[in-house]
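Enquirer: With UniProt numbering applied, the sequence shown corresponds to residues 1 to 100, in that order.
Beta carbons: idealized from backbone N, C-alpha and C, even for Gly.
One structure coming up, written as structure tokens, with questions to follow.
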Amino acid sequence: MRQIDKKIADSYFRERVRLIVIFLIIWFIVSFGVVMFAESFKNMTFNGFPFHYFMGAQGAVVTFIVLLFINAKLSDSIDKKYGISEERNEQLSAGKTLDH
């Protein structure tokens, strides 16, 4: 297995952590922000439903699913940027088992 330079590893994990923080902020806003400000959203409608009701019933779930796909695409692009290949990892680990 090849060694990874510490600077490269640090910048890789810095990018990954930055993405995680961004996704957690979006998660917090979608989950709790709408609930905290539901009173101010009561006049807004989406597909004929009050906005706070829609976000609680379907909007948050759809947002989380979209975030999963965005995370997967961005993670793959970061992995490619730093030379991390899933195929290469599978080749390296093929046929190896844990010895007990």
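Return helix, strand or coil for F54, following the three-state DSSP convention.
Expert: The answer is helix: DSSP assigns F54 an H, G or I state.
Enquirer: By how many angstroms is the C-alpha of V21 removed from the C-alpha of E15?
Expert: E15 and V21: Cα-Cα distance of roughly 10 angstroms.
Enquirer: So N71 and L24 are in contact, right, with Cβ under 8 angstroms, and what is the actual spacing, rounded?
Expert: Going by Cβ atoms, the distance from N71 to L24 rounds to 11 angstroms, so no, they are not a contact pair.
Enquirer: Straight-line CA distance for V62 to F69?
Expert: Their Cα atoms are separated by approximately 11 angstroms.
Enquirer: Taking W27 as the reference, which of M55, P50, D10 has the closest Cα?
Expert: Comparing Cα positions, the closest option is M55.
Enquirer: Output the boundary residues of the alpha helix (DSSP H) element that contains D76.
Expert: Start and end: 60-81.
Enquirer: With burial defined as no fewer than 16 other Cβ atoms inside 10 Å of the residue's Cβ, what is the status of F41: buried or exposed?
Expert: By the 10 Å Cβ count, F41 comes out buried.
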